[in-house]
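J.: Can you read through this structure? Questions will come right after.
Numbering (this note's numbering), first residue to last: 220 to 411.
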């Protein structure tokens, strides 16, 4: 089943510093991201609360960030604020590239999210697409959480089970915004 993911924004990050820039911003180990896979990342504020859950995909030397569309302004502004003098170009390609949610099917060039779901990035074309509620149902069945504008900064990664098997948080990768709070909760079971 193929569904168009109309409620997700898509940013493309390119430039020589894109990988190291993202490594310092997100909760998971960007250096370990393999082509053909989706890596779940929490984008946290300094108190460890999640601003957005971001699916990161790598295509050649470019990174694609997929997240809830109502957070596009907040995420873009924050990424731009932190890029400073880095060789990073941030482009909103939400209107140029269609995101497809693929459930229990093979799709050439799709990025694997889990055993049942994949995400495909395609140029704008017409497709015979299924109802988007099927994708939402598959996300629930696979325990794939989402953060929207009204729930932004309400959770730490542990509340969304991102720490289990380090699916969305790497405890060995090093610093990112909110890392001290997230690690303290993981190792001590409490925050200050």
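Glycine included, C-beta positions come from ideal geometry on N, C-alpha and C.
Tell me which residues share the same chain as residue 307 and place their Cβ nearer than 7 angstroms to its Cβ, disregarding the 5 neighbours each side in the sequence.
T.: On the chain shown, residue 307 is found 88 positions in, with the first residue counted as 1. Once the five neighbours on either side are set aside, the close Cβ partners of residue 307 are 232, 234, 236, 237 and 240.
J.: Nearest by alpha-carbon distance to residue 257: which of 404, 248, 401 and 300 is it?
T.: Start at 1 with the first residue of the chain shown, and residue 257 comes out as number 38. It is 248.
J.: Span of the beta strand (DSSP E) holding residue 286?
T.: Translated into the one-based positions of the chain shown, residue 286 becomes position 67. Where residue 286 is concerned, the enclosing beta strand (DSSP E) stretches over 281 to 287.
J.: Which residue's Cα is closest to the Cα of residue 386: 372, 222 and 246?
T.: The count along the chain shown starts at 1 and reaches residue 386 at position 167. Checking every option, the nearest Cα to that of residue 386 belongs to 246.
J.: Measure the alpha-carbon distance for residue 376 versus residue 315 and round it to whole angstroms.
T.: Along the chain shown, one-based indexing puts residue 376 at 157. Along the chain shown, one-based indexing puts residue 315 at 96. Roughly 31 angstroms between the two C-alpha positions.
J.: State the Cα-Cα distance for the pair residue 366 and residue 372, rounded to the nearest angstrom.
T.: The count along the chain shown starts at 1 and reaches residue 366 at position 147. The count along the chain shown starts at 1 and reaches residue 372 at position 153. Computed Cα separation, rounded: 9 angstroms.
J.: Among 357, 305, 374 and 394, which residue has its Cα nearest to the Cα of residue 332?
T.: Indexing the chain shown from 1 puts residue 332 at position 113. Residue 357 is the option with its Cα nearest to residue 332.
J.: What's the gap between the Cα of residue 195 and the Cα of residue 352?
T.: As shown, the chain starts at 220 and ends at 411. That puts residue 195 outside it, with no answer to give.
J.: Closer than 9 angstroms, CB to CB, is residue 275 near chain B or not?
T.: Among the protein chains of the structure shown there is no chain B, as only one such chain exists.
J.: Less than 9 angstroms separating the beta-carbons of residue 227 and residue 318?
T.: Taking the chain shown and counting its residues from 1, the one referred to as residue 227 is at position 8. Taking the chain shown and counting its residues from 1, the one referred to as residue 318 is at position 99. Yes, these two residues count as a Cβ contact at 9 angstroms.
J.: Just list the alpha helix (DSSP H) runs in the region 289 to 343, keeping only unbroken ones of 4 residues or longer that don't cross its boundaries, in chain order.
T.: Within the region 289 to 343, the complete alpha helix (DSSP H) runs of at least 4 residues are 291 to 302.
J.: Going along the chain, which residues of its own chain have a beta-carbon closer than 7 angstroms to the beta-carbon of residue 382, five neighbours each way excluded?
T.: Position 163 of the chain shown, counting from 1, holds the residue named residue 382. Same-chain partners within the cutoff: 376, 388 and 405.
J.: Which residue wins for smallest C-alpha separation from residue 253, given the options 274, 267 and 230?
T.: Taking the first residue of the chain shown as position 1, residue 253 is located at position 34. Measuring from the Cα of residue 253, the nearest candidate turns out to be 274.
J.: Tell me whether residue 406 sits in a helix, a strand or coil according to DSSP, three-state version.
T.: Within the chain shown, numbered from 1, the residue matching residue 406 stands at position 187. The answer is helix: DSSP assigns residue 406 an H, G or I state.
J.: When we look at the beta-carbon of residue 222 and count the other beta-carbons within 10 Å, is it buried (16 or more) or exposed?
T.: To locate residue 222, count along the chain shown from 1; it is residue 3. Residue 222 comes out buried.
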